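**Q**
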Amino acid sequence: MDFIVFDLEWNVAGKVNKVDKATQDAIPFEIIEIGAVKLDAELRQTSKFSVFIRPRVYPVLSGQVASVTRRLQQSLKYGLTFPDAARGFLEWCGPDYLFCTWSENDTSALKMNLKYYGLADQLRVRCLDVQYLFDELIEQADMQRSIEYAVDFLRLPKSQPFHQAVNDAWYTGRILAEISAIMHKERPDLHLADRYAFDPNINRSSQLFLNDHVSVEEALTHLQSLPLHCPACESALTQTREWQLEGSKAQAGFTCPEHGRIIGKSRFRVKDSAKVQAFVTIRLDRDREA
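So the number in this note's numbering is just where the residue sits in the sequence shown, counting from 1, plus 43.
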């Protein structure tokens, strides 16, 4: 089995692309670049893939996207259509592979674009979230980090610019290989793909917001009383651990009869009116042994 580490760049509606709400809901992110590296079972690179895509839905480059990717508007006139680029990418992946990305956003965006263009409704492949592995196994800070942050943390060499899809895929592959090497020394019985690969077609998380509470404690009491449901199947969750407050964050544990352990996380913020807001995420545990 090969490891396909891929990265996407995409454009958004912004203020200049006049698109109706239904289209924006169907494809909020339109892919304009696919970059990938193929790693063998020993996580050694065997080939790479890179393609630019001419956007059809959002043809005008968003200012925010331009500032991150350093792309120019003129560059969007060149490249393949998304259907041709996607077919070429999936053919290059080969017959037996696992997707690896820096966060779940890339797999979600790929699936969304494939569906919009009528190519596929699902990704029939398991996926690894390398950002999650970095936090869970290496830094353990419960923070979403950038690829460059992880490269610096692991003291890997920086020989290519960031925010170009094929380069970010290459860096992500290097991070994955380094995590694997560290785990091989410290936990030789741990197999990353077997334990942490997930099905990208399952809705893995849901969010809710609590507003206008007079204190964090009141918001937490309200949260404790709410009936919560599994993001994947909507089954009622059984609480296994009450919400525990640590500073401006809280965490709780639940279980779903079909999807196992569920983790609840909440972040609290005081508004200008001195009222408290709670941003709550209910997420399937990505540890398959859970």
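The beta carbon of each residue, even a glycine, is placed where N, CA and C say it ideally should be.
Quick caveat, the model's predicted, so the values are computed rather than measured.
(1) For the structure I just gave you, are there three or more beta carbon pairs, one from the region 91-106 and one from the region 65-82, closer than 8 Å?
(2) For the 8 Å Cβ check, are there 3 or more pairs between the region 286-293 and the region 268-276?
(3) Label E285 either buried or exposed according to how many other C-beta atoms from any shown protein chain fall within 10 Å of its C-beta, with 16 as the threshold for buried.
(4) Counting beta carbon pairs with one atom in the region 241-258 and one in the region 98-113, are three or more of them shorter than 8 Å?
(5) I believe D330 touches R188 by the beta-carbon criterion, under 8 Å. Please report the beta-carbon distance rounded to the nearest angstrom.
(6) So, does the region 246-263 touch the region 118-132, judging by three or more C-beta pairs under 8 Å?
(7) Of the residues R230, L280, F49, K61, which one's Cα is nearest the Cα of L171?
(8) Taking DSSP as the reference, what is the three-state secondary structure of L28?
(9) Considering only residues of the same chain and omitting the five flanking positions on each side of C136, which have a CB-CB separation below 7 Å?
(10) Under 8 Å, with one C-beta from each stretch per pair, do the region 155-171 and the region 125-134 reach the 3-pair mark?
(11) How about G216 and L133: do their beta carbons lie closer than 8 Å?
(12) Work out the CA separation of D315 and L166 for me, nearest whole Å.
(13) Using only alpha-carbon positions, find the residue among L197, A69, R99, W53 that is nearest to V108.
(14) Between the Cα of T324 and the Cα atoms of T264, F311, P300, S249, which residue gives the shortest distance?
(15) Take H227 as the anchor and find which of P138, D63, L86 has the nearest alpha-carbon.
(16) Could you give the distance in angstroms between the alpha-carbon of Y175 and the alpha-carbon of T66?
(17) Buried or exposed: which applies to F322, given that a residue is buried once 16 or more other Cβ atoms fall within 10 Å of its Cβ?
(18) Going by alpha carbons, who is nearest to A163 out of A129, L141, N148?
(19) For R310, list the residues DSSP reports as bridge partners.
(20) Could you tell me if P231 is buried or exposed, where buried requires 16 or more neighbouring beta carbons within 10 angstroms of its beta carbon?
(21) Give the C-beta separation of V59 and V103 to the nearest angstrom, bearing in mind that I take them to be a contact with Cβ-Cβ under 8 Å.
(22) Can you tell which of C299, E301, A295 has the C-alpha that lies nearest to the C-alpha of S309?
(23) How is the beta strand (DSSP E) around C170 delimited, first residue to last?
(24) With DSSP as the reference, label D45 as helix, strand or coil.
(25) Are the beta-carbon atoms of L51 and L153 separated by less than 8 Å?
(26) Candidates G57, A193, I96, M44: which alpha carbon is nearest S105's?
(27) Mark C276 as exposed unless 16 or more other C-beta atoms lie within 10 angstroms of its C-beta, in which case mark it buried.
(28) Tell whether a beta-carbon distance below 8 Å holds between M44 and D149.
(29) Under the three-state reduction of DSSP, which class applies to T264: helix, strand or coil?
**A** Straight from the coordinates:
(1) yes
(2) no
(3) exposed
(4) no
(5) Contact doesn't hold; Cβ gap of about 19 Å is too wide.
(6) no
(7) F49
(8) The question about residue 28 has no answer, for the chain in this structure spans 44 to 333.
(9) I47
(10) yes
(11) no
(12) 43 Å
(13) W53
(14) S249
(15) L86
(16) 31 Å
(17) exposed
(18) A129
(19) K292, F322
(20) exposed
(21) 4 Å
(22) A295
(23) 170-172
(24) strand
(25) yes
(26) G57
(27) exposed
(28) no
(29) helix
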